[in-house]
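If you use our numbering, the sequence shown corresponds to residues 109 to 263, in order.
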Amino acid sequence: MRFCLLLLLLMAQFWAGDAVAAASSIEGLWATQDKDAVVQIYSCDEDEFCGRFYWLKDEDPRSPSRDDNNPDEEKKRRLLCGLKFFGGFEDEGEGDYGSGWLYSPRHGARFSASIRLIDVDKLELRGFFVVPFLGESQIWTRTSNTTACPSFTKQ
């Protein structure tokens, strides 16, 4: 009888672990630390995750935000809403995603980046130059019920 009870407890723990792992995906909508944007994180390649702007606080449908600080003149006219601005993140296990890159429209520059899932509803995004300690982190919060900005397209 004790063996059966122990077996049932182990099986329940295994299934609960699978449920937590499934709920701990970084895919979804995330509000940035300063709440001026919502980012959609999605699976973009077989084993990689990417992110694009889904909502922007100051987005005006009559004058949508553009990539004005991009050093490439041809890219300065592209819309920010829907823009894939990070990618290459690979699941390294235990809530860590590495090998990524991040484009900052504020700086018009690209950086190396990593993501760490703090819990189901919080993640840390760290952008850095060369090595992680030469960087900056933001804490993002999972969100829902956010309407995409009017110019949102999957670019």
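Even for Gly, the Cβ is constructed at its ideal location relative to N, Cα and C. Owing to the predicted nature of the structure, the values given are computational and were not obtained by experimental measurement.
Return helix, strand or coil for residue i, following the three-state DSSP convention.
i           : result
residue 183 : helix
residue 148 : strand
residue 192 : strand
residue 130 : Here the model assigns residue 130 a pLDDT of 45, short of 50, so the residue's position is not dependable and the matter cannot be decided.
residue 158 : strand
residue 167 : coil
residue 242 : coil
residue 237 : coil
residue 176 : coil
residue 259 : coil
residue 202 : coil
residue 216 : coil
residue 143 : coil
residue 229 : coil
With a cut-off of 8 Å on the beta carbons, I'd call residue i and residue j a contact; round off their distance for me.
i           : j           : result
residue 209 : residue 190 : Not confirmed; about 18 Å, so no contact.
Below 7 Å CB to CB, which residues in the same chain sit around residue i once its five sequence neighbours on both sides are set aside?
i           : result
residue 156 : 195, 196, 197 and 198
residue 256 : 162 and 163
residue 139 : 146, 248, 249 and 251
residue 131 : Annotation note: pLDDT 48 at residue 131 (below 50); position unreliable, coordinate value reported separately. Here the set comprises 228.
residue 265 : The requested residue 265 does not occur in the structure, where the chain is confined to residues 109 to 263.
residue 214 : 177
residue 174 : 184, 185, 186, 187 and 188
Below 9 Å between beta carbons: does that hold for residue i and residue j?
i           : j           : result
residue 137 : residue 250 : yes
residue 141 : residue 159 : no
residue 169 : residue 187 : no
residue 222 : residue 206 : yes
residue 154 : residue 259 : no
For residue i, which residues in the same chain have their Cβ closer than 6 Å to its Cβ, ignoring the five residues on either side in sequence?
i           : result
residue 245 : 232 and 234
residue 176 : 184
residue 129 : Annotation note: pLDDT 45 at residue 129 (below 50); position unreliable, coordinate value reported separately. Hits under 6 Å: none found.
residue 216 : 177, 178 and 179
residue 200 : 206
Keeping to the same chain, check which residues put their C-beta closer than 8 Å to that of residue i; ignore five residues upstream and five downstream.
i           : result
residue 143 : 165
residue 237 : 219, 220 and 243
residue 152 : 158, 192 and 195
residue 150 : 135, 157, 158, 159 and 160
residue 226 : 203, 232 and 247
residue 224 : 203, 204, 205, 231, 232 and 234
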